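The structure appears below as structure tokens.
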Amino acid sequence: MLTPELIDRAVEILRQGGVIALPTETVYGLAANAEDELAVRRIFAIKGRPATHPLIVHLPDAEALPQWASEVPDSALRLAAAFWPGPLTLVLRRTSRATDAVTGGQDTVALRVPHHPVALAVLRALGGGLAAPSANRFGRVSPTTAEHVRQDLGDEVDLLLDGGPCTVGVESTIVDLSSGEPALLRPGGLPTEELERVLGRPVPVRTASTVRVSGSLPSHYAPRVGVVLVEPAEAVARAESLRLQGLVVGVLGPQSLSLPRDLRRFDIPEDPAGAARLLYLRLREADMAGLDMLVACLPPAQGLGLAVRDRLARAAAPRPSDS
Ligand code: TXA
Ligand code: MG
-12 MLTPELIDRA VEILRQGGVI ALPTETVYGL AANAEDELAV RRIFAIKGRP ATHPLIVHLP
48 DAEALPQWAS EVPDSALRLA AAFWPGPLTL VLRRTSRATD AVTGGQDTVA LRVPHHPVAL
108 AVLRALGGGL AAPSANRFGR VSPTTAEHVR QDLGDEVDLL LDGGPCTVGV ESTIVDLSSG
168 EPALLRPGGL PTEELERVLG RPVPVRTAST VRVSGSLPSH YAPRVGVVLV EPAEAVARAE
228 SLRLQGLVVG VLGPQSLSLP RDLRRFDIPE DPAGAARLLY LRLREADMAG LDMLVACLPP
288 AQGLGLAVRD RLARAAAPRP SDS
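The sequence shown begins at -12 in this note's numbering and counts up one residue at a time.
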């Protein structure tokens, strides 16, 4: 298990410019000291991610906000008070502490306080910010267990802290508060309804953006297996027609959906929070099962269902290699 000695070792590695993998409540992160530009560049190299795509800086608490954000609007303070630590990332205008290496040269920075005892212990002991994207190779499914990180990144990280399976299972919700009107850049682990309740106003989705948000690329979070999206009632008919074409097919759907005995189910809870928690694990299992096609049932578009639908839509989008 995780001992204080292991936390100390993690901090020592980070102070020396190392890169570690660590658990958060959403997904595992690939972390480096946000103020160490060389270490941050190593994150991009390990992930194979374009260096212009900005990273989230993780903070030990909301009190650290003014060190990283030059303007902290009242809306940011209210959201931080309501949801931090938690699966919410705020995009704000940056201070010089947020370097070009982290922000991709933009004048804003993405900030969040993660809700995981291991991440918080490391952040508090480090006393600074941790730049951390999800600990997967660029474009692939995010890891929700330490074993997933091991499978993806092997020994390219200097230390892997195992904090058990992630409880939320999809990445944080990202809200841009840098320009007056709040905008949703990525649905995620905090339901949009909750944000809107605290802000007392709707938070529109911003799709067209000059900001480079890799999670907003059409094909992202993609497993190797092909994915088709269906409403639950259509799942069996769709799976059968794909099987008639000679494909090996599985269904991502809840237990309540009855399937022919010879059609493999990748079981996903009916409630959106449960679906979010297991989504990436099931996509990985579908990959390992050697399917040609996964027929994925869409959850209702509310609460965490919005984030699950978003990730499934990106998993189902045409891949660059398809064209
Ligand atoms: O739950 C999470 O957010 C996880 C855990 C590890 O904290 N992290 C994560 O990081 O999902 P990553 O790098 O995979 O996704 C971060 C997203 C990217 O889509 C990035 O483009 C966006 O945040 N982002 C970062 N800085 C930004 C900025 N200044 N403006 C707009 N988007 C930004
Ligand atoms: Mg990611």
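No residue lacks a Cβ here, since even glycine has one placed at the ideal position from N, Cα and C. Note that the structure is a prediction, hence the values are computed from the model and not measured.
Consult DSSP for R137 and reduce its assignment to one of helix, strand or coil. helix
By the 10 Å Cβ neighbour count, where 16 or more other Cβ atoms means buried, how is T95 classified, buried or exposed? buried
Span of the alpha helix (DSSP H) holding L265? 259 to 275
By the three-class DSSP mapping on this structure, what secondary structure does V215 have? strand
Would you say the beta carbon of E(-8) is closer than 7 Å to some non-hydrogen atom of the ligand TXA? no
Tell me whether the beta-carbon of A226 lies closer than 8 Å to the beta-carbon of L250. yes
So V190 and P169 are in contact, right, with Cβ under 8 Å, and what is the actual spacing, rounded? 5 Å
Could you tell me the distance, in whole angstroms, from the CA atom of P41 to the CA atom of A88? 8 Å
Proximity test, P120 beta-carbon vs the ligand MG heavy atom, cut-off 7 Å: yes
For A288, report the span of its alpha helix (DSSP H) as first-last. Neither: A288 is in no alpha helix (DSSP H) and is coded neither H nor E.
Smallest Cα separation from P53: which of A26, G73, A97? A97
Which word fits E180, buried or exposed, when buried means at least 16 other C-beta atoms lie within 10 angstroms of its C-beta? exposed
With H, G and I counted as helix, E and B as strand and the rest as coil, what does DSSP make of D87? helix
Can you list, in chain order, the stretches of the alpha helix (DSSP H) that have 4 or more residues and sit fully within the segment 98 to 136? 104 to 113
I need the straight-line Cα distance from V128 to Y15, nearest angstrom please. 11 Å
Just the C-alpha distance for D254 and V223, rounded to the nearest angstrom, thanks. 14 Å
So who's on the other strand from H45, going by DSSP bridges? R99, L117
When you compare each of R193, C153, E24 to L117 by their alpha carbons, which one comes out closest? E24
How would you write the range of the alpha helix (DSSP H) that D(-5) sits in, first residue to last? -9 to 2
Would you decide whether M275 is buried or exposed? Buried here means 16 or more other CB atoms lie within 10 Å of its CB. exposed
Expressed to the nearest angstrom, what Euclidean distance is found between the alpha-carbon atoms of W71 and R184? 16 Å
Let me check you understand the geometry: is the CB of S159 closer than 7 Å to at least one non-hydrogen atom of the ligand TXA? yes
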